[in-house]
Structure formats: C-alpha cells, structure tokens
Amino acid sequence: MDANNPIVKICQEGMRAEYEGRIADARTLLTQAWEERKSDLDACIIAHYLARYQEDPQDALYWNEQALVFAIAAGGEEVQGFYPSLYLNLGHAYEVLGQKAEATRYYERAAATISNLADDRYGDVVRSAIIEAYKRMGMDAEIPGLYPAQA
3 MDANNPIVKI CQEGMRAEYE GRIADARTLL TQAWEERKSD LDACIIAHYL
53 ARYQEDPQDA LYWNEQALVF AIAAGGEEVQ GFYPSLYLNL GHAYEVLGQK
103 AEATRYYERA AATISNLADD RYGDVVRSAI IEAYKRMGMD AEIPGLYPAQ
153 A
C-alpha cells in the first residue's frame, strides 16, 4: 500500500485509534475515509477496515464482501497481496455466522493465494491466522507455499 495515499493515512489513524481503545474514533475516521475515497483500491482498503468495527456479524460480512468486490474491480498488482487477508476475513465472517461450509471455502481460497503474501510482518500475521483458521475448522490439508522458503 502507498503510505502517501491520504486514504491509507486515515486508515492508519483509525488503526492507531483502535490500538488505543478508541473504537468510536476509528469508526469515524473510516467513515470519513469512505466519503473521501477516490478509487476502487481506496474502497477496498476502507471496506476491509470498516468490517473490523461492525458489531453485527452480518454487517461485518457485508463490508468484507465489499472489500473483495472492490479488490476485484481495482485489479492489478497492487491488490494481489491483499487477497489472502480478504479471503481470510470472509472466512471468519462466515464462521462467526455459523456457515461452516462457506467459511471453509474462503479459508481454502486464502490458503490458495498465500504465495501472494510478502515475506514480512504482515505476511507472517496473515499466514498465522490462516493456520489458526484451519485448526479451528478441523481442516487437515497441507498449505502449499505456507512460508516463502517453501515456495
């Protein structure tokens, strides 16, 4: 993500607010970002974060779906590394709603795109979350390319 993008900066402020326990401020910042979005990539990023702050699991699912829709619309190399996290979050939203088959489907999609992740802290966090999702769901399959050295 482009750290100079004004939308990314607002999202970072929202994450800082979340870290500090100011969830209402995080929601306000992300709502502001949503109103100021200029591209499908912006919308993807904002929707991805807005999903985090929804109290209703159905609303979280909606925003996770929107993030994926906008990622697909944005296309291009910029969003490729984002797909594992988008699929992971959709899987989690379905898991919370008790829709295990859909959750499994999206967790498998997250694993299938794992090679898109960079070998960095963000990539490690997403890889670990996919492993945990597989464990929670009782999914025994190997995850090819789990770590860049294996790819």
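3 is the number of the first residue of the sequence shown in the numbering used here; add one for each residue after it. Where is the CB? At the ideal position from N, CA and C, for every residue including glycine. On a predicted model such as this, the values are computed, not experimentally measured, just so you know.
task = Using only alpha-carbon positions, find the residue among Gly-23, Tyr-21, Asp-42 and His-50 that is nearest to Leu-32.
result = The candidate whose alpha carbon is nearest that of Leu-32 is His-50.
key: Limits of the unbroken alpha helix (DSSP H) element including Met-141   = Counting along the chain, no alpha helix (DSSP H) covers Met-141, and no H or E run does either.
key: Euclidean distance between Cα positions of Leu-119 and Ala-26   = So the two alpha carbons sit approximately 30 Å from each other.
Ala-135 versus Tyr-109: straight-line alpha-carbon distance, rounded = Spanning the two alpha carbons is a distance of roughly 7 Å.
task = Please go through the same chain and pick out, in chain order, the residues whose beta-carbon is closer than 7 Å to the beta-carbon of Asp-4, but skip the five residues on each side of it.
result = Its chain contains Val-10 as the residues whose beta carbon lies nearer than 7 Å to that of Asp-4, once the 5 sequence neighbours on both sides are disregarded; these appear in chain order.
query = Comparing alpha-carbon positions, which option in Glu-57, Thr-30, Glu-97 and Asp-142 lies nearest Ile-48?
reply = Measuring from the Cα of Ile-48, the nearest candidate turns out to be Thr-30.
request  = Following the continuous alpha helix (DSSP H) through Leu-99, name the residue where it begins and the one where it ends.
outcome  = If you look at Leu-99, you'll find it isn't in any alpha helix (DSSP H); DSSP assigns it neither H nor E.
query = Do Pro-86 and Val-127 come within 8 Å of each other at the CB atom, strictly closer than that value?
reply = Not in contact: Val-127 and Pro-86 (Cβ atoms no closer than 8 Å).
query = Under the rule that 16 or more other beta-carbon atoms within 10 Å means buried, what is Asn-91, buried or exposed?
reply = Under this definition Asn-91 is a buried residue.
ask   = Hey, how far is the Cα of Ala-131 from the Cα of Tyr-124?
value = When rounded, the separation of the alpha-carbon atoms in Ala-131 and Tyr-124 is 11 Å.
ask   = If you run the structure through DSSP and keep just helix, strand and coil, what is Leu-119?
value = The answer is coil: DSSP assigns Leu-119 none of H, G, I, E or B.
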